[in-house]
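Colleague: Got a structure for you, written out below as structure tokens; questions coming shortly.
2 protein chains.
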Amino acid sequence: MMADRANPIRFGILGCAAIARKVSRAIALAPNATVVAVGSRSVDKAQRFIADNGIPPATRAHGSYEAVLDDPAVDAVYVPLPTSLHVRWAVAAAEHGKHVLLEKPTALCAADLDRILEACGSQGVQFMDSTMWMHHPRTARMRDLLSDPNRFGQLKALHSIFTFCGDTDFLQNDIRVKPDLDALGALGDLGWYCIRSVLWAADYELPKTAIAHHGCVKNQAGVILSCGATLVWDDGKVATFHCSFLSNLTMELCVMGTRGTLHLSDFVVPFEETPVQFKFSTDTKELDTGWQPLPSEHVISTDLPQEALMIQEFSRLAGSIRDSGSKPDEKWPIITRKTQLVLDAVKESIETGFEPVNVTD
Amino acid sequence: MMADRANPIRFGILGCAAIARKVSRAIALAPNATVVAVGSRSVDKAQRFIADNGIPPATRAHGSYEAVLDDPAVDAVYVPLPTSLHVRWAVAAAEHGKHVLLEKPTALCAADLDRILEACGSQGVQFMDSTMWMHHPRTARMRDLLSDPNRFGQLKALHSIFTFCGDTDFLQNDIRVKPDLDALGALGDLGWYCIRSVLWAADYELPKTAIAHHGCVKNQAGVILSCGATLVWDDGKVATFHCSFLSNLTMELCVMGTRGTLHLSDFVVPFEETPVQFKFSTDTKELDTGWQPLPSEHVISTDLPQEALMIQEFSRLAGSIRDSGSKPDEKWPIITRKTQLVLDAVKESIETGFEPVNVTD
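As given, the protein sequences belong to chains A and B, one line each in that order. Residues in the first sequence are numbered from 1 upward in steps of one, following full-length UniProt numbering. Residues in the second sequence are numbered from 1 upward in steps of one, following full-length UniProt numbering.
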């Protein structure tokens, strides 16, 4: 038996963060998932969230996160709480036998993440971080090309950018600029995606060393508003990324191999839900009058947006555990942990004045 | 009186490098320039170059570079010789009263470049480096947008990439991998364009510090095959670039301001001669279902390729000096020198183990 429309994975949402709006819509769109409970620090807030976001009125509004975990009708929780609360609530969810879909950045450091992953592992529940672009069929198509020695060759270098321009209110009040809430700032919120894109392109081979770039900007509380880093592998591969709350919305990914180049300008969130595109070129020559061949544009259409595909995949795995006694898919926690390890190394490099830091497991 | 079809600037070409083919075509296309002499170390080679490249058969073939400089019919020289020969021949050309269009990288270091610029200055001849994309009308259009506070805001960050994949013959035999010829390797050949794009976007404000990226690759002779760097300004602007002979042809430029983002994937050599494009977005928001507004695509058509526009501009300036007693335009040597200063700082950072190096004038 599988999770499907008649027997969906029943989600509880912990907290009413802005991103929970997008994910609750995704749960509604996914054919094998449904929202059954929303928990907030007040019942009123949970009720308002349900009413405002077109969530079925029968959904239970709980006045605490605990109540969601105690709700026997909840199979899985989506946790969009501030990063500083992740260990407490993700561990508690696992201990209540709930599958855990955790917002990124997953933890303030790998040691914290390990507590979450250990709880999920020992309870046999599925863990996945909420990195939506991983689940777009475009991502799989691009990965196929990067794996093709005749079209891409050997990975040599890549660059990833994710920025948006926070307004005054954001830069003063958002949880992502508060040292007691999302202490990793732009590195955790945006750099997470850049680091993930780097690992994805490198087929999840950890770099040996991370060196943060000079020019890191912090706010008065010491939270990172803008930073970048170089990541280096033993075989000579090199990656750089830049993330910032201070520049207009930008999401660039350029991956270079000996024979091919992949480029897209909307790798985190596609320009439009469908169709989406990317550019790829192979064995490109520069002639006197231009390029030969021109980069080719690949177009991919989807029935569901990437966040709904993420929910669908998570629910497929959770359903397989719930209904067929399967084991959790280890791929997702492994990828999460590698992302967190690189993030930790970049942060340490920033804190030590841009010195090289070994990425250690 | 101006240089025009009836009274063109008469070029002598010093050497028969591959790039001289493209520039001799550009001289033929420019309405105010013509080739009158080609000099090589052998007359045969010069004659062959003239015959092979559709240069008018009346063009004089000289068996030495000196003979071109002694040719009274030559107004200006184009110098595509290896970088190590630039001081000698560019200075000699200036001392013979010839205007100097010099291939990049212009010199092995700023001190060498200064000898060239001093010779051109004291002789009152026009100096320009051969950085073709500077002369494309697309470049001016993009610069207008970057200067618009309502569309771009304040420059915060940019990233520039120029790579191509040299084949085995290139990596063993090309002058650009030889320490006695083009000792700056990929940094001089490709990084030159990246650094120029950074300075161009920053309105030629020199960065304060250059820090080369770990992961620099050199050949056995110590010539740079792949490298990158971060450039930092006092006001918090930051730029990164990557250049390499080891990855498929890639030419990315992404410039981020508080309000706008500029992006193009063919900044050095357009995909096709005409039309050319770039993308620009302003005040972009991420909605649950995509971007608002989408980046707009700007399309620019030209009558002449950018290298011919470069020749036309150089010839206009040289003609104004020759025919109207004007002074050389100082803009071009100033830009060249800033590019060289940053390049020198990056090189020093590589040589000192990726330490920060002040960019000093």
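Here a beta-carbon is modelled for each residue, glycine too, at the ideal position from N, C-alpha and C.
(1) What would DSSP say about B/Met256, mapped onto helix, strand or coil?
(2) So A/Phe271 contacts chain B; which residues on that side make the cut at Cβ distance below 9 Å?
(3) Counting only Cβ-Cβ distances shorter than 8 Å, please list the residues of the region 246-268 of chain B near chain A, keeping chain order.
(4) Quick one: which chain A residues come within Cβ less than 7 Å of B/His242?
(5) Starting from the Cα of residue 394 of chain B, find the closest Cα among B/Pro8, B/Asn53, B/Arg5 and B/Ala6 and give me that residue.
(6) Could you say if the region 99-111 of chain B and the region 332-351 of chain B meet the contact criterion of at least three C-beta pairs nearer than 8 Å?
(7) What's the call for A/Glu330, buried or exposed, on a 16-neighbour Cβ count within 10 Å?
(8) A/Ile311 and A/Ile27 - do their beta-carbons sit closer together than 9 Å?
(9) Alpha carbon to alpha carbon, how far is A/Pro82 from A/Val43? Give it in angstroms, no decimals.
(10) B/Val217 CB to nearest chain A CB: under 9 Å?
(11) Which chain B residues sit within Cβ distance under 9 Å of A/Thr163?
(12) Quick one: measure Cβ to Cβ for A/Ala201 and A/Leu158, integer angstroms, because I've assumed they're closer than 8 Å.
(13) Where does the unbroken alpha helix (DSSP H) through B/Val36 begin, and where does it stop?
(14) Compute the Euclidean distance between the alpha carbons of B/Pro56 and B/Val299, then round it to the nearest angstrom.
(15) Which of the three DSSP states is assigned to A/Asp283 in this structure?
(16) Would B/Lys22 pass as an interface residue toward chain A - the criterion being a Cβ-Cβ separation below 9 Å?
(17) What's the gap between the Cα of B/Val357 and the Cα of A/Trp332?
(18) Which residues of the region 10-44 of chain A have a Cβ closer than 8 Å to any Cβ of chain B? Give them in chain order.
(19) May I ask which residues mark the beginning and end of the alpha helix (DSSP H) holding B/Met310?
(20) Cβ of B/Pro305 within 9 Å of Cβ of A/Thr284?
(21) Do A/Val269 and A/Ser244 have their beta-carbon atoms positioned less than 9 Å apart in this structure?
(22) Can you tell me which of B/Ile13, B/Ala18 and B/Gln47 puts its alpha carbon nearest to the alpha carbon of B/Val35?
(23) Counting only Cβ pairs nearer than 9 Å, list the residues of chain B close to A/Glu348.
(24) Nearest to B/Arg10 by CA position, among B/His99, B/Glu95, B/Arg41 and B/Ala51, is which residue?
(25) Curious, which full-length beta strand (DSSP E) runs of at least 3 residues does the region 59-115 of chain B contain?
(26) Against chain A, does B/Thr282 count as a neighbour if the rule is that its beta carbon must be under 9 Å from one of theirs?
(27) Taking only three categories from DSSP, how would you classify B/Ala229?
(28) Output the distance between the C-alpha atoms of A/Ala239 and B/Thr250, rounded to the nearest integer angstrom.
(29) Tell me the rounded alpha-carbon separation between A/Tyr204 and B/Pro8.
(30) Using the Cα positions of B/Trp89 and B/Ala186, report the straight-line distance between them to the nearest angstrom.
(31) From what residue to what residue does the beta strand (DSSP E) around residue 415 of chain A run?
(32) Show which residues of chain B have a CB atom less than 8 Å away from the CB atom of A/His214.
(33) Identify whether B/Ser42 lies in helix, strand or coil by the three-state DSSP scheme.
(34) If the cut is a Cβ gap below 8 Å, which residues of chain B does A/Lys285 touch?
(35) Taking contact to mean 3 or more Cβ pairs, one atom from each stretch, closer than 8 Å, check whether the region 133-148 of chain B and the region 166-184 of chain B are in contact.
(36) Mapping DSSP to helix, strand and coil, what is B/Ile211?
Modeller: On the basis of the data shown:
(1) Walking along the second sequence from the start, residue 256 of chain B turns up at place 256. Of the three classes helix, strand and coil, the one that applies to B/Met256 here is strand, per DSSP.
(2) Counting from one through the first sequence, the residue named residue 271 of chain A turns up at place 271. Simply Gly290, Trp291, Leu294 and Pro295.
(3) Within the region 246-268 of chain B, the qualifying residues are Leu246, Ser247, Asn248, Leu249, Thr250, Glu252, Cys254, Met256, Gly257, Thr258, Arg259, Gly260, Thr261, His263, Ser265 and Asp266.
(4) As a working mapping, residue 242 of chain B is identified with position 242 in the second sequence. Near B/His242 (Cβ distances below 7 Å), the residues of chain A are Ala157, His159 and Thr240.
(5) Lying before the first or after the last residue shown, residue 394 of chain B is absent from chain B, which here runs from 1 to 361.
(6) With a cut-off of 8 Å, the region 332-351 of chain B and the region 99-111 of chain B count as touching, because enough Cβ pairs lie within range.
(7) On the first sequence, residue 330 of chain A is found 330 positions in, with the first residue counted as 1. By the neighbour-count criterion, in which 16 or more other beta carbons inside 10 Å mark a residue as buried, A/Glu330 falls on the exposed side.
(8) In the first sequence, the residue the question calls residue 27 of chain A occupies position 27. In the first sequence, the residue the question calls residue 311 of chain A occupies position 311. Contact: yes.
(9) Indexing the first sequence from 1 puts residue 43 of chain A at position 43. Indexing the first sequence from 1 puts residue 82 of chain A at position 82. For A/Val43 and A/Pro82, the distance between alpha carbons rounds to 19 Å.
(10) As a working note, residue 217 of chain B is residue 217 in the second sequence. With 9 Å as the cut-off, B/Val217 counts as an interface residue toward chain A.
(11) Within the first sequence, numbered from 1, the residue matching residue 163 of chain A stands at position 163. Here the neighbours are Lys156, Ala157, Met256 and Thr261.
(12) Here residue 201 of chain A refers to the residue found at position 201 when the first sequence is read from its first residue. Here residue 158 of chain A refers to the residue found at position 158 when the first sequence is read from its first residue. About 5 Å separates the two Cβ atoms, so the contact holds.
(13) In the second sequence, residue 36 of chain B corresponds to position 36, counting from 1. Note, B/Val36: premise wrong, no alpha helix (DSSP H); beta strand (DSSP E) at Ala33 to Gly39.
(14) Numbered from its first residue, the second sequence carries residue 56 of chain B at position 56. Numbered from its first residue, the second sequence carries residue 299 of chain B at position 299. C-alpha of B/Pro56 to C-alpha of B/Val299: approximately 35 Å in a straight line.
(15) On the first sequence, residue 283 of chain A is found 283 positions in, with the first residue counted as 1. DSSP places A/Asp283 in coil when its eight states are reduced to three.
(16) As a working note, residue 22 of chain B is residue 22 in the second sequence. Answer yes: the Cβ-Cβ gap between B/Lys22 and chain A drops below 9 Å somewhere.
(17) On the second sequence, position 357 is the one that residue 357 of chain B refers to. On the first sequence, position 332 is the one that residue 332 of chain A refers to. Whole-angstrom Cα-Cα distance: 42 Å.
(18) Listed in sequence order: Arg21, Lys22 and Arg25.
(19) For the purposes of this step, residue 310 of chain B is identified with residue 310 of the second sequence, where counting begins at 1. It spans Gln306 to Ser324 - the alpha helix (DSSP H) in which B/Met310 sits, taken as one unbroken run.
(20) The residue labelled residue 305 of chain B in the question sits at position 305 within the second sequence. The residue labelled residue 284 of chain A in the question sits at position 284 within the first sequence. Contact flag unset, no.
(21) One-based indexing of the first sequence puts residue 244 of chain A at position 244. One-based indexing of the first sequence puts residue 269 of chain A at position 269. No, the Cβ-Cβ distance between A/Ser244 and A/Val269 is not below 9 Å.
(22) Walking along the second sequence from the start, residue 35 of chain B turns up at place 35. Nearest C-alpha to B/Val35: B/Ile13.
(23) As a position in the first sequence, residue 348 of chain A is number 348, starting the count at 1. Within 9 Å Cβ-Cβ: nothing; A/Glu348 doesn't reach chain B, min ~15 Å.
(24) Sequence index remark: in the second sequence, residue 10 of chain B carries index 10 (1-based). Residue B/His99 holds the alpha-carbon nearest to the alpha-carbon of B/Arg10 among B/His99, B/Glu95, B/Arg41 and B/Ala51.
(25) Qualifying beta strand (DSSP E) stretches, in chain order: 60-62, 76-79 and 99-102.
(26) To locate residue 282 of chain B, count along the second sequence from 1; it is residue 282. Yes, because at least one Cβ of chain A sits closer than 9 Å to the Cβ of B/Thr282.
(27) Locating residue 229 of chain B in the second sequence gives position 229, counting from the first residue. Reduced to three states, the DSSP call for B/Ala229 is strand.
(28) Taking the first residue of the first sequence as position 1, residue 239 of chain A is located at position 239. Taking the first residue of the second sequence as position 1, residue 250 of chain B is located at position 250. Cα-Cα distance, rounded: 15 Å.
(29) Translated into positions along the first sequence, residue 204 of chain A becomes position 204. Translated into positions along the second sequence, residue 8 of chain B becomes position 8. Those two C-alpha atoms are separated by around 59 Å.
(30) The residue labelled residue 89 of chain B in the question sits at position 89 within the second sequence. The residue labelled residue 186 of chain B in the question sits at position 186 within the second sequence. Within the model, the alpha-carbon separation for B/Trp89 versus B/Ala186 is close to 23 Å.
(31) The structure shown does not extend to residue 415 of chain A, since chain A spans only 1 to 361, so no value can be given for it.
(32) The count along the first sequence starts at 1 and reaches residue 214 of chain A at position 214. Taking the beta carbon of A/His214 as reference, the chain B residues within 8 Å of it are Thr209, Ile211, Thr230, Val232, Val238 and Pro356, listed in sequence order.
(33) If you number the second sequence from 1, residue 42 of chain B lands on position 42. Collapsing the DSSP output to three states places B/Ser42 in coil.
(34) Here the question's residue 285 of chain A lines up with position 285 in the first sequence. What A/Lys285 touches in chain B: Leu249.
(35) Because the criterion of three Cβ pairs below 8 Å is not met, the region 133-148 of chain B and the region 166-184 of chain B do not touch.
(36) As a first step, residue 211 of chain B must be located in the second sequence, where it is residue number 211. Note: B/Ile211 maps to strand in three-state DSSP.
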